[in-house]
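Trainee: Got a structure here, written out as structure tokens. Questions coming.
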Amino acid sequence: MLRLEGISHRFGGLEVLRNIDFSVSERELIGLIGPNGAGKTTLFNVITGFVHPFAGKVHLRGKDVTGYPAHRLVRLGLARTFQGARVFANMSIAECLAVARRKRAADAMRVAELDEILGLLDLEKYMSDQASSLPSGLIRLLGIAMALSTGARLLLLDEPAAGLSAEETEVLQRSIRRLNQIGVTIVVVDHNLQFVMGLVSRAIVLDAGRLIADGPPHAVTAEPHVIEAYIGGSDLAED
Amino acid sequence: MTGKVDDLGRAAAVVREPVRGGASQKILTLFSLVQFAGLLLLGLLLLAPLLYGSRYVVYLGTLLALQATLAVSLNIVMGYAGQFALAHAAFYGFGAYASAIFIRDYDMTFWSSLPPTACLAAALAAAVGYPSMRFTGGIHFALITFAFGELLRLVAANLHGLTGGPQGMQLSYAPVPVLGIDFGSARGMYYLAAGVLALSMIIAKLIRRSGFGRSLLAIREDEVLAASLGIDVTAHKVAAFSIASVIAAMAGAVYGPFVGFVSPEMMSASDSISVVGMLIVGGIGTTSGPIIGTLVFVGLPELLRVAKLYRLVVLGLIIVVTVLFVPKGLAGLFGRMIPTGPQRGR
Chain A
1 MLRLEGISHR FGGLEVLRNI DFSVSERELI GLIGPNGAGK TTLFNVITGF
51 VHPFAGKVHL RGKDVTGYPA HRLVRLGLAR TFQGARVFAN MSIAECLAVA
101 RRKRAADAMR VAELDEILGL LDLEKYMSDQ ASSLPSGLIR LLGIAMALST
151 GARLLLLDEP AAGLSAEETE VLQRSIRRLN QIGVTIVVVD HNLQFVMGLV
201 SRAIVLDAGR LIADGPPHAV TAEPHVIEAY IGGSDLAED
Chain B
1001 MTGKVDDLGR AAAVVREPVR GGASQKILTL FSLVQFAGLL LLGLLLLAPL
1051 LYGSRYVVYL GTLLALQATL AVSLNIVMGY AGQFALAHAA FYGFGAYASA
1101 IFIRDYDMTF WSSLPPTACL AAALAAAVGY PSMRFTGGIH FALITFAFGE
1151 LLRLVAANLH GLTGGPQGMQ LSYAPVPVLG IDFGSARGMY YLAAGVLALS
1201 MIIAKLIRRS GFGRSLLAIR EDEVLAASLG IDVTAHKVAA FSIASVIAAM
1251 AGAVYGPFVG FVSPEMMSAS DSISVVGMLI VGGIGTTSGP IIGTLVFVGL
1301 PELLRVAKLY RLVVLGLIIV VTVLFVPKGL AGLFGRMIPT GPQRGR
């Protein structure tokens, strides 16, 4: 589905990504974790075409897509969400979704599947409300619904649970699992280790721009250098 | 299984309760009434020169219709896509010159000069728009279009052989009659200008309702998010700029035979900025805003016979007052209750 080959990037003299290699297979549900400043968001930006990597290649479904602009990647079935609540604040939810549905990926998810997911996210009753008037949990779900509406087969979620209540987090987890069952490959970045670990089947750990661990979540978090990286940055038990 | 979801939904519904219900429905009804009244007013204004036909009223009506066309078209790129295009008067003048030159040098009729004029305007807009949107955008686009407008004006003032230089060109043609309308008369030109305005309003409305228009609004709201949803941001902005510029050029082509004279003055930067002022005063991005803005900006000074010298001072004051007290423009006074238009997903 997705393969990264020797991705390196720097901002000025600061190396934020150093020689990152990993692959994501179809239908995987992966967590990308690491302390603050580990390079997670930059890696997301590289994969989704918002940042051109200094070195290395990105392959999407067997195709070299390094340097493709974001909008072209959407048509190849890749979509992402952003940190925080990023929606078209002055539009109604129906309009937000209509914008996202306009440029469908070539082999997009079937409309019925999509509608099921949108039903799961429970946004229908707010369709004509202005996006900015929603509570933050629903705005987050709307962001995900918009990314999905592009017909994505590979979905990258950047800190989807940040700032959500326990209840909202549960809805989110359930929706992400269901999406994965339907066949969407998902990569989740989050600081909230409990959230990620309870969700994914494989975790990739970044620290200071390096990939330091890759494997089942509980094996990964038991590794001494992962614990060390987290203690250096923030506490493992943080939520 | 959806228990939690329902709880969440109910909680959210409670939060939203005060905003929903009867009051907002009444405001919606009021809003559509105001919009209806606005269209009625516009219709009356367009009919006025026919019912009360002094030469001056017909002249003023024609001028207003052409200026309103400029405002309506600028609204596509500035209001919908959120891009400050500061070359609108330059494209207006370009259309007048190009059409006049095609007619003079290539034996074309007024009507047959329109397609090549439109194509040239689109090509120019794309050539200026693409690099400025692709590599910089934002404030740079405003500066580049401003400089480009001045460049066009200077070219017009200095290519003596083609444009007649600073003295301009005298034009002595009228469009060939169509459907029995004699465009040689002042009233005929008024029909033509009103037709151009109506057509540009229909185009703007169709764009607004299309997927393309929705994408433009998305770009205005958040370019990065729009790109992440598969919208080619640069291509959309360039397309909006080209469409707006072509409409301005078409209005210019009508302006030529209307006043019988084209000069580089028509392309001055202050005129481009006035069109922006019309939008700010009327309400950027709204349907009725460009019309209201034109009435205030062009109609008012004409009616009050304010000396040309003070016109810009008065208009500057109007802009400042609007931005300070009615930031969403006069159209916004009646309620941006419907933030991005009437078709809320229905």
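Each protein sequence line maps, in turn, to chains A and B. Under my numbering, think of the first position of the first sequence as 1, with each following residue one higher. Under my numbering, think of the first position of the second sequence as 1001, with each following residue one higher. We put the beta carbon where it would ideally sit given N, CA and C, even for glycine.
(1) Please compile the residues from chain A whose C-beta is within a distance smaller than 7 Å of the C-beta of B:Gly-1230.
(2) Would B:Gly-1021 be called buried (16 or more neighbouring beta carbons within 10 Å of its own) or exposed?
(3) Could you give the DSSP three-state label for A:Asp-21: helix, strand or coil?
(4) Whose C-beta lies closer than 7 Å to the C-beta of A:Glu-159 among residues of the same chain, with five residues either side of it excluded?
(5) Among B:Pro-1175, B:Leu-1086, B:Ala-1235, B:Phe-1146, whose alpha-carbon lies nearest the alpha-carbon of B:Ser-1112?
(6) If we ignore side chains and look at the alpha-carbon of each, how far apart do A:Asn-90 and B:Arg-1104 end up?
(7) Need the endpoints of the beta strand (DSSP E) that B:Asp-1105 sits in, please.
(8) Listed from N- to C-terminal order along the chain, which residues in the stretch 1208 to 1230 of chain B have their beta-carbon within a distance smaller than 8 Å of any beta-carbon of chain A?
(9) Check the C-beta distance from B:Leu-1330 over to B:Gly-1282 and give it rounded, since I have them as a contact under 8 Å.
(10) At what residue ranges does the stretch 155 to 219 of chain A contain a whole run of the alpha helix (DSSP H), taking only runs of 4 or more?
(11) Rounded to the nearest angstrom, what separates A:Phe-50 and B:Ala-1227 at their Cα positions?
(12) Could you tell me the distance, in whole angstroms, from the CA atom of B:Ala-1100 to the CA atom of A:Thr-66?
(13) What's the gap between the Cα of B:Gly-1095 and the Cα of B:Thr-1117?
(14) Apart from the five residues just before and just after B:Ser-1272, which ones in its own chain have a Cβ nearer than 7 Å to its Cβ?
(15) Quick one: Cα of A:Phe-44 to Cα of A:Leu-156, how far?
(16) Just checking: is the beta-carbon of A:Ala-98 within a distance shorter than 8 Å of some beta-carbon in chain B?
(17) Do A:Ser-8 and A:Ala-55 come within 8 Å of each other at the CB atom, strictly closer than that value?
(18) So, at 8 Å on beta carbons, what are the nonlocal neighbours of B:Ala-1218 in its own chain, with the 5 sequence-adjacent residues on each side left out?
(19) Could you compute how far the alpha carbon of A:Asp-129 sits from the alpha carbon of A:Pro-135?
(20) Mind checking A:Asp-64: buried by the 16 CB within 10 Å criterion, or exposed?
(21) Would you say A:Glu-95 reaches chain B, if we count a Cβ-Cβ gap shorter than 8 Å as a contact?
(22) Out of B:Val-1326, B:Phe-1297, B:Leu-1315, B:Ala-1269, state which residue places its alpha-carbon closest to the alpha-carbon of B:Val-1146.
(23) Using 8 Å as the limit for Cβ to Cβ distance, is A:Arg-61 near chain B?
(24) Where DSSP assigns a beta bridge to B:Ile-1247, which residues make up the other side?
(25) Just to confirm, is the Cβ distance from B:Met-1358 to B:Phe-1258 under 8 Å?
(26) Would you check if there are 3 or more beta carbon pairs closer than 8 Å linking the stretch 204 to 224 of chain A to the stretch 30 to 37 of chain A?
(27) Could you work out which residue in B:Leu-1197, B:Ile-1280, B:Leu-1060, B:Leu-1295 is closest to B:Lys-1426 when comparing CA atoms only?
(28) Roughly how many whole angstroms lie between the Cα atoms of A:Val-16 and A:Thr-42?
(29) For A:Leu-78 versus A:Ala-145, is the C-beta spacing smaller than 8 Å?
(30) Identify the contact partners of A:Ala-79 in chain B, using a Cβ-Cβ distance below 9 Å as the criterion.
(31) Looking at C-alpha atoms only, which residue of A:Gly-119, A:Arg-86, A:Ile-212 is the closest neighbour of A:Ser-132?
(32) Answer yes or no: do B:Arg-1055 and B:Ala-1240 have a C-beta to C-beta separation smaller than 8 Å?
(33) Show which residues of chain B have a CB atom less than 9 Å away from the CB atom of A:Arg-86.
(34) Which same chain residues end up closer than 7 Å to A:Gly-12 when comparing Cβ atoms and leaving out the 5 residues on each side of it in sequence?
(35) What did DSSP end up calling A:Leu-2 once you bin it into helix, strand or coil?
(36) Which whole-angstrom value describes the C-beta separation of A:Val-220 and A:Ala-229, a residue pair presumed to lie in contact below a C-beta threshold of 8 Å?
Mentor: With the given structure in hand:
(1) His-71, Val-74, Arg-75, Lys-103, Thr-150
(2) Interpretation of B:Gly-1021 is limited by its pLDDT of 42, a score under 50 that renders its predicted location unreliable; the figure taken from the coordinates is listed afterwards. Result: exposed.
(3) strand
(4) Gln-83, Val-189, Asp-190, His-191
(5) B:Pro-1175
(6) 49 Å
(7) Counting along the chain, B:Asp-1105 falls outside any beta strand (DSSP E), though it belongs to the alpha helix (DSSP H) covering 1088 to 1105.
(8) Gly-1211, Arg-1214, Ser-1215, Leu-1217, Ala-1218, Glu-1221, Asp-1222, Val-1224, Leu-1225, Ala-1226, Ala-1227, Ser-1228, Leu-1229, Gly-1230
(9) 6 Å
(10) 166 to 182, 193 to 197
(11) 9 Å
(12) 49 Å
(13) 6 Å
(14) Leu-1086, Ala-1087, His-1088, Ala-1089, Ala-1090, Gly-1149
(15) 7 Å
(16) yes
(17) yes
(18) Leu-1225, Ala-1226, Leu-1229, Ile-1231
(19) 11 Å
(20) exposed
(21) yes
(22) Sequence check: residue 1146 of chain B is Phe here, not Val. Ranking B:Val-1326, B:Phe-1297, B:Leu-1315, B:Ala-1269 by Cα distance to B:Phe-1146 puts B:Ala-1269 first.
(23) no
(24) The partner list for B:Ile-1247 (beta bridge, DSSP) is empty, contrary to what the question assumes.
(25) Look at the range of chain B in this structure, 1001 to 1346, and you will see that residue 1358 of chain B is not part of it.
(26) yes
(27) The first residue shown for chain B is 1001 and the last is 1346, placing residue 1426 of chain B beyond what the model contains.
(28) 8 Å
(29) no
(30) Ser-1228, Leu-1229, Gly-1230
(31) A:Arg-86
(32) no
(33) Asp-1222, Val-1224, Leu-1225, Ser-1228
(34) none
(35) strand
(36) Rounded, the Cβ-Cβ distance is 11 Å, inconsistent with contact.
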